[in-house]
Each structure stands twice: as structure tokens, then as C-alpha cells.
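Chains as they are written, first to last, in this note's numbering: chain A, 25 to 537; chain B, 571 to 963. All C-beta atoms, glycine included, are put in the ideal place defined by N, C-alpha and C. Note that the coordinates shown come from a computational prediction; the quantities given were computed from them, not determined experimentally. Encoded as C-alpha cells, the structure appears first; notes follow it.
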Amino acid sequence: MSQDLRTSWLPPDMAPSSQPSVTCTLMRGRKAALLDIGVDRIVAALDGASRVWLEAATTPSHRLGACLDAVAKKTGMSRQMVDRAVLHEMESSLASDMEAALDNELGDRHCLDRFVYSPKLRGETHAIGPMLVGGIVSANIPALPHLTVMRSLLVKAPCIVKTSVSEPHFLPAYAQTLYEIDPDVGRCLAVVNFGREDDEALDALLSGIDFLIAYGGLDAIANLKARKPANLRALFHGHKLGFAMVAKAEHGKDVLRWSPLSSPPSGGSTAGRIGGEEGVAELASLLAYDIVLFDQEACLAPHVIFVEGGFETACALAKDVAVEMGKLARDLPLGDAPLSRRMAIRQELDAIAMSAAGPTAVFAAEPCTAAGSARGGAAPAGFVVVQRIDKFEPSPLGRFVRVCPVASLDDALALVAPLGDLLQNVAVAAPPDRFHDIALRLARMGACRICPPGNMGTPTMMWHHDGKGCLAAMVRFTDIEVRGGMRKPIWHERGPRVKGRGDIGRLISRQRR
Amino acid sequence: MSEALQAEERRGIAEMLRAEIIADAGEWDSDTFEEMALALFRHQYKHMAPYRRLCDSRGATPDRIDRSRDIPPVPTSMYKSIPLFAGPESDVAQVFTTSGTTGADRKGESRFSKDGLDLMERSIVVNARRMLFPDIERLRILVLAPPPALAPRMIMAWGMERLIRRFGTDGSRFMVGPHGLDVPGLFADLRECQEKGLPVALIGASFGFVNLVDGMRAKGVSFKLPAGSRTLDAGGYKGKSKELTRAELEGAMSEAFGVAEGYTVNLLGMTELASQIYDDTLFEATRARTGESSGQTGSGSGGRKAPPPWVRTRVVDPVTLKDLAPGEKGVLLHLDLANLDTPMAVLTDDVGILRSVVGAPECDVRFEVLGRLTADDSRGCSLTVDEMTRGRT
């Protein structure tokens, strides 16, 4: 077997093995131990790990800083952006978040420990996680791979995770952190690393697990679907698209709210409203954060901002967004993006310039002098392009967004409708009386998350990731039902209607004879 | 401007460039290059509307540009979506298409006028004399590609035919027919040349050579071609054959054909460029013999490309289009004065690195091609969405 496991992590009490199949066997053996650990203790261990990494991302010279430097180098993001990614990931992965996510999906999280009474069932239920979860994670968002670990361990499943070849540093360090906090929990995680082309290692992994969580591109997901055993349950997180919609603003009026759900309490702050120049500037700042965060790598990030109004309206917003992107780059500079990404941006810019179709405008965010100096001068910290489109145009990413004027948001909905299940995340800035109609239509088209601008990249653990109940999907429920039984023959309750006896009636009648 | 006047103007520039290329195949001084480049830029700005829009968007108009390095380049991807030709469509005499190795469904197109074809032929011949045949007047040329009659839109076939006409002896020919490579015919020709002591130039696409030498090795076939024989392989072979390093391919070709060290030359050719850029191997060896060495010979010269005097190659950052320091990876930007009808400044998908000797003049730049840009597939759930949305919108 050709895989390189140098950067993998195995629990210290496990004999080193370079064979995923052997590692799978050893890890399955840990299911019993994990079953005996209460879910609250698992939550506490994971909470502890999150806090350690929160500290690492916010404390200069932290012992884990070298790992974060390595992550920055491999992902092409600036160290500041890596820190921000860790911060966002970990601050939404604390005990209260995990407890809420479990309770949200399972009812009472303690059903993972034992049978618990379920009021809706009016019986008792017990949730059993897989024997061994296999994770295949991507490198687009630093620290995101920990989510796969958390979900597995929370449902009391040991897990073996294959890191991305593009970023193999974070997960082994995270595993070590978890082990140091609670060795009994930490020993139920193993991290392996093998090449993309190593189908032999992949097959060994897939054959040793009973649940798969996989992130990846179209080809990677298609390959996994083709290779995985037919009966292997799986959650796939493939490509998705995000965008933003801004309804027409009437200057001077407080007409737009991020969302009716987040309206400020009466007499409270004005946050969340767009009205007048100040409001528009605030909206630009929030949209800029959605574009800048993770250098737009997340499937949650916006590719396009649809603006209700004319070309000039769109230009005004685009200009403000570019300014705000420049400001944000001071704290969150662009990293050293791969040449292919930079070339894609160049091609987009030149295609727009050479096109004869309609007016266009390009607003470049102010260059961040700290970045790009080694690449022939500081590059703009992003681009905002104003362009009318007749089909959804994805961004080349790397802080490049299209602002598209539309006569009505209905036109925007028509443009995104063909994307269907590729839709993921939509930031909507619309007045309360329109918000729910837009949300409903987006939901029916395929969108999985709707949020206010400024929140696109920071979902909670409660979010139905890719539209799925990711924890519930992993467990099998065993219910003790006490309401059923055969106290009375069915035909007694139905009375005369049994005249033409249905199938059940005939069956019972036969049994009684 | 009437079409006749446009044609007149194009002919004037072509004449001027052709005269320079013929007159001085050696080093051009910077003034000559700059003068020609700016004249050609003015012509292309004037007669190519999409290119003019690009220049205008950057404020790079002829009245504001006074040096060639500020001439806006056009990415090769644009050739797939926008017709680029400096003149009326009725003046297009020939269209070549890209091989499709760049991955997209659509092929790029390069349009040539009669004057443009003429200038390209001049560029091909003069450059081949400098870089491929500096030491020999004529020889047997065997081309591992189809002839133009079978591949009328393949720029390489067109160019190879010019090489055969100018440098080939009797028996020179294309070895790929309607049914593929004529292997028995090729072996028979090589055997004949071996026995009669006739030097041979074997020319073809790099991936074709990989497959050929693989097959020869499997069959235990090899040749010991006469001194002066050489191979010229063009392009890369990613995705078309097994991948070898340059040294491995050269070793395999030497083993298969018995070609002397230094006589395996690689060429960078693109449909979007009228000129080709050769390895400097034979060029430097000849210069050294004649005492004209640029000092760029020596260890590590293999794989270094030396543009002809009418081409300037830069290694730039794609976003800023600024030059990168020697040794830093960037994309290749060529200014090709033989591109009469299509943008002379071309931003490629090739990743490269400058390999010039420190202090070498701009006209004597050397670079190395490291590969082609590929979209990284490591990004997880959000990627270039062309593939995602294909067939949906």
C-alpha cells in the first residue's frame, strides 16, 4: 500500500499501523468503551478542545501557533484568516451549541446514553450511533474538519478521518488536543492521510466503516459514491452555491431589515436596519464580510449579490462593498492564493472588459500592502463587478463578487431557480412583508439556509447542514412503545364498518381461527 | 476606414516586421523591438474591437502607452469565447483551433489573414534556422503528425509543412495518416537513414513521442541514427499518455533513436502564437562553437526556452500583471510581434519561471515551463462552478 501516513495521528495506546483496514478494525473495537461514556462527558471533552483552539487562535505565541502557520501555508490563506476561521468554528462548537444541536435533532441528548422518556412518543427511546464513522474531509475551511469528529463522537461513534492532502496539519493536532483533555474520548479518534489516487487505501477505509461523512468536489463525491459498498450509509457534503439578495431600499426610510426574526426590540439599537446612507454603508460592510470570510472558500459564501434597482444603484452599493473589503483586508489580508485562482480572476476581469454586452463596472478593493509584495506588487484585496446577467455566473472566488442589478427580486429568483439542489445559503435583506415570501420560494427551490447579510459564513451547529439533520441521520433509534397492543379486536372498534373486512381484519380473523 | 485601407495598413506593418525578422535573426536592440511593438499595438487597438474595449477599460490606449510591457495581454481563454481578428472577417484566410488540452469544451480559435500567414511562415523558418537547424542546411524530416490536408485546423501541421519545404530533403514526410501513425513506414524510413548515414529530424507532439518510445521499448526496437540527427517534441503530454519527467523522456528518446545528447529539443508552441519558442540547447551549443556565447550555457541549461528576438516572454503575476523575480513561479506572458492579426500580447495558462543569467539583456531572456495551470480540487464544497452548473443554466 502506497499511502503516506506520516502526518496521521493514532491514539498513543494503539500500535502504529499504516493500513487503514487494520486501523478500522482497531477503532471499531473502541465502540464499547465509548458507549459507557456519558454524552455529557463527551460534550465536555469536545468543549475543552474547542476552548484550547479558541485560545490558540487568539493568543500570540501559542504552542499551537506553528500548526496554524502550517495550515495557512497549505491553504494559501493568511494566518489572520486562519485564526478567524478557527475562531468562528470553535466559538460555535462549545458545550451549549453541542447540547442544543443534539436536543434539536434527537429530542433529549441523553437518549444516546440510555432509554429516556419521550413525551411525543409517549414511550422511551434510545439512539445508537454507528460502530465506526469514516470521515473524508476537505481543506477549504481551516478547522472545519473538526465538525466531522464532533458529530461522530457526539453520537458515540469512534471515527477514523482521512485528512485532505492539501491540508493535513490541523486534524492530527486537534486529535492530540482531544486526547490530552480526555484520553478515553480521544482514543476513539484516528487520523489517516493518503493520496487522492490511492484507491486501495480508500477501499480499505470504506470497507471498515458503517457510516461515511464525506466532503469534496463533484469528481471526488462521484468516485466515492461509485466505490462505497452499497449498504454503507453516508452523508455527502458536495459543492453548493451561495448568493445574496438586497431588496429595493427607500432612502430615509427604515424599510429593510436583515430578517424579521432578528428585528431589534422596540426602543433598542438600530442594528439590522437599512435606511439612509448610514444603513446602506452598514449593509455594504456586512456583505463585504461575507465575501472576505475564508476568502470566499466556503460553500456558504456569496458568488453574486442581486440588487433590486438599476445599474447606478448597484454601482453605488458595489463601490461601498469594495471599500469595506479594503478595510477588512487590513485585519484579514488576502493570503497567497494559488496561481490557478489568480488566473481565474484575471480571466473574469478581462472577459468582462472585452464583452460588448451592456454596461459593466469593476471596483477594486484597496490593496493590502502586507500581502502580495512577493508577487510583483500588492494586488487589490478583492474585486466587485457590476454586471447584468442572464444566467447565474459563479465567481472565481478569492474575494470576487458580482453585483447584479435586477428590476425585481423575482428576476433574481428566476436566475437561481435552475441551480436547484446546488443552492445553499442566501443572505436576504428585504422588508418584513416580503421576507417570508422570498424565503419560502428559496426553500422550495433548494436553498438550505437563509440568513441576514454578515452571517453567511457563520452558521450555528443547529443548522441543518446541506439541509440534513446530520446527527439524526447517523443514529438508529430503538423505541419502547407502550401505546400499542391488541386490547380489543380491531373490528370491535370499527363496528359496522368491518362489514367488508379489510386486509388487517381478515388477517386477524385468520389468526384467531 | 474602408476594408481596402485596413488591408493596406496591415500589409504595411507585415512588410516592416517581415523585413526586420529576415534582416536580423540575431539580437534585436530594444529600440527596434519597442518601435515595432508599439506600431503593431496601435494597429491591433484600432482594428480589434474586443481588444480595444479591454485596453480602454485599463486606460491603456495608444496615446498613453510608450513601452511594450504596458501593452495589455489577452488571456488564452478569451480565444474560446470572443472572435479576435484585427480586420474584417472577410480577410480571414485561415482559422486554426486549439487542441483542446486546456480542458474546456470549446476550442480556442486563432484567425490569420494572408499577410499574417506569410509573417508566421517567416517567423517559423527564421527561428527554426536559429534554434533547430543551426548546423545543417537540409536533412530528412519525419513528422509524427498528420499533414495539413488531414488536419487543416492544426497549426502544428501547417508549421511542420513549412519546415519540410525549407529544410527537408527528399523523403521528408508526415507519418500520420487517416489510420494513425504509420509505424512500419516510420521504422523503414529510420532504418534506411541509419543504413545510408542520412541524418534525420524526428518531429512531433511530446505525447506522441512518449507513446512511440514506449511501444518501441516493448517491442525491443531501437535505432542508432547518424550524427546530426535530432528530435523535436512540442508541448506537454498531461492526460494523453503516461507522464515522464523531461529527463526521462529525453533519455528514452536517446535510447530509442540513438540521438546524441543535446539533440533532443523541446518546443513551446501555441495556436495563439505565430512564433515558437525552442529550448536553447542547440542554439547555445552552436553559439559556443562560433564564439558568440551569451554566457547562458553550462549546467542546468536543459529545458530553458529562448524566445526569438521578436518575442519577449515575461513571468508575471496574473492579477497584477507585474513581473516576478527570477526563480519565482508565475504565468507566462508573451509579446509576439509575428502575431499580426491576433493580440500580440498573450497571457497563457503555462506556469513558468525565469532562468536568465543575472544581468542578461531583456532580449536574451530564458525561461522554463513548469506545467499548465490546473484548478486545484482540494477546495471541498465550493469550487469553480462551471462544472457544477454545466447543463443547468
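{"Item": "Length-filtered (3 minimum) beta strand (DSSP E) runs lying within the segment 728-809 of chain B", "Value": "770-775 and 800-804"}
{"Item": "Per-residue burial, Ile329(A) [other beta carbons within 10 Å of its own, 16 or more giving buried]", "Value": "buried"}
{"Item": "Backbone CA spacing between Ala305(A) and Asp344(A) [nearest angstrom]", "Value": "6 Å"}
{"Item": "Top-ranked residue by Cα proximity to Arg65(A), from Ala119(A), Ala109(A) and Pro40(A)", "Value": "Ala119(A)"}
{"Item": "C-alpha distance - Ser572(B) paired with Gly657(B), whole-angstrom precision", "Value": "10 Å"}
{"Item": "For Asn128(A): DSSP bridge partner residues", "Value": "DSSP lists no partner for Asn128(A)."}
{"Item": "Rounded separation between Gly291(A) and Ala402(A) - CA only", "Value": "Any reading at Gly291(A) needs caution, since the residue's pLDDT is 34, under 50, leaving its predicted position unreliable; the model's value is listed next. If I take the Cα positions, the gap works out to 45 Å."}
{"Item": "Beta-carbon gap between Pro404(A) and Gln104(A) smaller than 8 Å", "Value": "no"}
{"Item": "Neighbour list for Leu624(B) in chain A, Cβ cutoff strictly below 8 Å", "Value": "Asp374, Ala377 and Met378"}
{"Item": "Any C-beta of chain A under 8 Å from that of Val939(B)", "Value": "no"}
{"Item": "Below-8 Å beta-carbon distance, Ile652(B) vs any chain A residue", "Value": "yes"}
{"Item": "Assumed close pair Leu341(A), Pro477(A) - CB separation to whole angstroms, cut-off 8 Å", "Value": "That pair is no contact at about 11 Å."}
{"Item": "C-beta neighbour in chain B for Gln371(A), strict 8 Å", "Value": "yes"}
{"Item": "Strand pairing of Val695(B), partner residues [DSSP]", "Value": "Val695(B) pairs with nothing; no bridge assigned."}
{"Item": "Pairwise C-alpha distance: Cys625(B) and Met618(B)", "Value": "11 Å"}
{"Item": "CB contact check: Thr631(B) to chain A, cutoff 8 Å", "Value": "no"}
{"Item": "Same chain, Cβ closer than 6 Å to Asp206(A), neighbours up to 5 away in sequence not counted", "Value": "Ala69"}
{"Item": "Under the three-state DSSP convention, the category Gly2(A) falls into", "Value": "Absent from the structure is residue 2(A), since the part of chain A shown begins at 25 and ends at 537."}
{"Item": "At least three beta-carbon pairs within less than 8 Å, the segment 579-596 of chain B to the segment 608-616 of chain B", "Value": "yes"}
{"Item": "Candidates Val665(B), Ile706(B), Leu760(B) and Pro913(B), of which the one nearest Pro718(B) by Cα", "Value": "Val665(B)"}
{"Item": "Neighbour-count burial assignment, Pro143(A), 16 or more Cβ in a 10 Å radius", "Value": "exposed"}
{"Item": "Which of helix, strand or coil DSSP assigns to Arg257(A)", "Value": "strand"}
{"Item": "Chain B contact for Leu626(A) (CB, 8 Å cutoff)", "Value": "Outside the displayed range of chain A (25 to 537) lies residue 626(A), so it cannot be described from this structure."}
{"Item": "Residue-chain proximity (Ala225(A), chain B), Cβ-Cβ < 8 Å", "Value": "no"}
{"Item": "Three-state secondary structure assigned by DSSP to Trp1(A)", "Value": "The question about residue 1(A) has no answer here: the residues shown for chain A are numbered 25 through 537."}
{"Item": "Three-pair Cβ contact test at 8 Å for the segment 877-896 of chain B versus the segment 716-733 of chain B", "Value": "no"}
{"Item": "Supposed contact pair Phe407(A) and Val386(A) - C-beta distance, whole angstroms, cut 8 Å", "Value": "6 Å"}
{"Item": "Touching by the beta-carbon criterion (3+ pairs, under 8 Å), the segment 358-365 of chain A and the segment 96-112 of chain A", "Value": "yes"}
{"Item": "Residue from Glu898(B), Gly897(B) and Met914(B) with nearest C-alpha to His904(B)", "Value": "Met914(B)"}
{"Item": "Length of the line joining the Cα atoms of Ile376(A) and Pro888(B)", "Value": "16 Å"}
{"Item": "Coil, strand or helix - Phe139(A) by DSSP", "Value": "coil"}
{"Item": "Sufficient close CB pairs (3 or more, under 8 Å) joining the segment 189-205 of chain A to the segment 115-130 of chain A", "Value": "no"}
{"Item": "Nearest to Val430(A) (by Cα), restricted to the options Ala268(A), Ala39(A), Ser42(A) and Ile237(A)", "Value": "Ala268(A)"}
{"Item": "Residue span of the beta strand (DSSP E) that contains Asp503(A), given as start and end", "Value": "Arg500 to Ile504"}
{"Item": "Whole-Å CB distance - Cys472(A) paired with Asn449(A), under 8 Å assumed", "Value": "7 Å"}
{"Item": "Asn164(A) in three-state terms, based on DSSP", "Value": "coil"}
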